[in-house]
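Novice:
In the working numbering, the protein residues as written are 79 to 425.
1) With a CB to CB cut of under 7 angstroms and the five nearest residues on each side skipped, what residues in its chain are close to residue 205?
2) In whole angstroms, what separates the C-alpha of residue 372 from that of residue 385?
3) Is the CB-CB distance between residue 297 and residue 266 below 8 angstroms?
4) Can you confirm whether the segment 361-368 touches the segment 330-346 when touching is taken to mean that 3 or more C-beta pairs between the two stretches lie within less than 8 angstroms?
5) What separation, rounded to the nearest whole angstrom, lies between the Cα atoms of residue 252 and residue 294?
6) Measuring CA to CA, which of 420, 303, 328 and 324 is closest to residue 395?
7) Applying the 10 Å Cβ sphere with the 16-neighbour rule, what's the burial state of residue 271?
8) So residue 311 is in the alpha helix (DSSP H); what residue range does that whole segment cover?
9) Determine whether the beta carbon atoms of residue 201 and residue 249 lie at a separation below 8 angstroms.
10) Just to confirm before moving on: does the CB-CB distance between residue 318 and residue 367 stay below 8 angstroms?
11) With H, G and I counted as helix, E and B as strand and the rest as coil, what does DSSP make of residue 188?
12) Quick one: complete alpha helix (DSSP H) runs, 4+ long, within the segment 344-411?
13) Can you check DSSP and say which residues form a bridge with residue 417?
14) Using the beta-carbon count (16 or more within 10 Å), is residue 163 buried or exposed?
15) What are the partner residues of residue 174, as DSSP defines its beta bridges?
16) Which one or two residues does DSSP pair with residue 272 in a beta bridge?
17) Work out the CA separation of residue 269 and residue 445 for me, nearest whole Å.
18) Rounded to the nearest angstrom, what separates residue 410 and residue 306 at their Cα positions?
19) Excluding the five sequence neighbours on either side, which residues of its own chain have a C-beta within less than 6 angstroms of the C-beta of residue 199, listed in chain order?
20) With respect to the beta strand (DSSP E) encompassing residue 209, which residues constitute its N-terminal and C-terminal limits?
21) With residue 163 as the anchor, note down where its beta strand (DSSP E) starts and where it stops.
22) Could you give the first and the last residue of the continuous beta strand (DSSP E) run that contains residue 337?
23) Who are the near neighbours of residue 131 in its chain, counting only those whose CB is closer than 7 angstroms to its CB and skipping five residues on each side?
24) Short of 6 angstroms in beta carbon distance, which residues of its chain neighbour residue 339, apart from the five on each side in sequence? Order them along the chain.
25) From the DSSP output, read off the bridge partner residues of residue 244.
26) How far does the beta strand (DSSP E) with residue 200 in it extend, from its first residue to its last?
27) Quick check on the burial criterion: 16 or more other C-beta atoms within 10 angstroms. Buried or exposed for residue 180?
28) Report, in whole angstroms, the separation of the C-beta atoms of residue 246 and residue 218, which I expect to be a contact under 8 angstroms.
29) Taking the DSSP output, what are the residues bridged to residue 169?
30) Within the same chain, show all residues whose beta-carbon is closer than 8 angstroms to that of residue 321, passing over the 5 residues directly before and after it, in chain order.
31) Note down, in chain order, each residue of its chain lying with its Cβ closer than 6 angstroms to the Cβ of residue 221, except the 5 sequence neighbours on either side.
32) Spell out the partners DSSP gives residue 306 in its beta bridges.
33) Which same chain residues end up closer than 7 angstroms to residue 255 when comparing Cβ atoms and leaving out the 5 residues on each side of it in sequence?
34) What's the call for residue 259, buried or exposed, on a 16-neighbour Cβ count within 10 Å?
35) Select from 400, 192 and 357 the residue whose C-alpha is nearest the C-alpha of residue 168.
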């Protein structure tokens, strides 16, 4: 992130350096430059030993692993030209018409931007919240999911409280609800609001400090009140022949086996008439740590289709197109490159 590296932290460029080592080097620089990891804070007596041995404590390694799997960090040896900022090339004939909505986590803001880079409208709040995702509604309202930053003086190990929020076009808060929301929030065909949520539970026979993260889809009414919720984990496990559970997302204190990151409701009547997989009210969810995309029958609470294991790696943003194909962002961190693919769920 811009401004993350401390001026005292330099990451020298080496053309012969493998990309993985370079990425990890930058990640370490970011960890120290941003104050995420401090060996002095975790163990003052280990500071000298860690600096000479090059080893990090377990918390630092966990943070480094989290950053290195993102696949979004890279470097160029060419200096950035200060005159080349914003939109530097605009091909109007090849550009899809309309605006783009950007969620800016650190600024607690969302911006509607045209193809030439002009900010058409902006929503923001002057508080300590972090906006993870925002969705623009047809009437100009904005749905937001996010979290509150941790307070290290109170409890550094406790998860930051999350929330869902609705603002109008004039940036006024219509409602805000403390909710374990994350990654995605959408409208449903019956004019309600669906949001990805999580709950922590103790694993049977596991250590007292261990927590398993269970993924849910929670449905809110227009006033932000909870009306329904379903466990994605339970729906998958009810039909185990649909998926082979992978051990991804397992940490020292927490296991996040699914890590759902996108949610959509089926609403195309033409597709629904073609095949039951597109039935109105079905939902499609993307699971990063299971390398899978799944379609669920919401009313029957059962999974009807899964795909991806052995083909995609840590996917995001599964969307059903008008053709019936499912478009997926295949993150592919272990391949060192990403791709966008379409798959026909019928064949």
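Here a beta-carbon is modelled for each residue, glycine too, at the ideal position from N, C-alpha and C. Since we're looking at a predicted model, the values are computed, not measured.
Specialist: Once the coordinates are examined:
1) Cβ neighbours of residue 205 beyond the five flanking positions: 186.
2) Their Cα atoms are separated by approximately 7 angstroms.
3) Contact annotation: residue 297 and residue 266 have beta-carbon atoms nearer than 8 angstroms.
4) Counting C-beta pairs with one atom in each stretch, the segment 330-346 and the segment 361-368 have three or more that are closer than 8 angstroms, which means they touch.
5) Here the alpha carbon of residue 252 sits roughly 24 angstroms from the alpha carbon of residue 294.
6) Nearest to residue 395 by alpha-carbon distance, out of 420, 303, 328 and 324, is 420.
7) For residue 271, the number of other beta carbons within 10 angstroms of its own is at least 16, and it is reported as buried.
8) Run containing residue 311: 310-315, per the alpha helix (DSSP H) assignment.
9) Using a Cβ distance threshold of 8 angstroms, residue 201 and residue 249 count as a contacting pair.
10) Residue 318 is not a Cβ neighbour of residue 367, given a cutoff of 8 angstroms.
11) DSSP, reduced to helix, strand and coil, places residue 188 within a strand of the structure shown.
12) DSSP runs (the alpha helix (DSSP H)) wholly in the segment 344-411: 347-352.
13) Looking at the DSSP assignment, residue 417 forms a beta bridge with 408.
14) An exposed status is given to residue 163, since fewer than 16 other beta-carbon atoms sit within 10 Å of its beta-carbon.
15) Its beta-bridge partners do not exist; DSSP assigns none.
16) DSSP lists 264 and 297 as partners of residue 272.
17) This structure does not reach residue 445, given that the chain is present from 79 up to 425, and the question cannot be answered.
18) Those two C-alpha atoms are separated by around 34 angstroms.
19) If we look at residue 199 and ignore the five residues flanking it on each side, its Cβ neighbours are 190.
20) Element bounds for residue 209: 208-214.
21) Bounds of any beta strand (DSSP E) do not take in residue 163, whose DSSP letter is neither H nor E.
22) That residue, residue 337, is in no beta strand (DSSP E); it is neither H nor E in DSSP.
23) Because residue 131 sits at a pLDDT of 38, beneath the cut-off of 50, its placement in the model cannot be relied upon, and the following sentence gives the value as read from the coordinates. There are no such residues.
24) Cβ neighbours of residue 339 beyond the five flanking positions: 261, 364, 366 and 394.
25) As DSSP reads the structure, residue 244 sits in a beta bridge with 221 and 253.
26) That run of the beta strand (DSSP E) goes 197-202.
27) Exposed.
28) Distance from residue 246 to residue 218 at the Cβ level is roughly 7 angstroms; contact confirmed, criterion being Cβ atoms closer than 8 angstroms.
29) Note: residue 169 sits in no beta bridge, so no partner.
30) Around residue 321: 314, 368, 370, 372, 381, 384 and 387.
31) Closer than 6 angstroms at Cβ, skipping near neighbours: 213, 244 and 263.
32) Its beta-bridge partners are 297.
33) Cβ within range, chain order: 241, 242 and 302.
34) Note on residue 259: 16 or more other CB atoms within 10 angstroms of its CB, so buried under the neighbour-count rule.
35) Ranking the options by Cα distance to residue 168, first place goes to 192.
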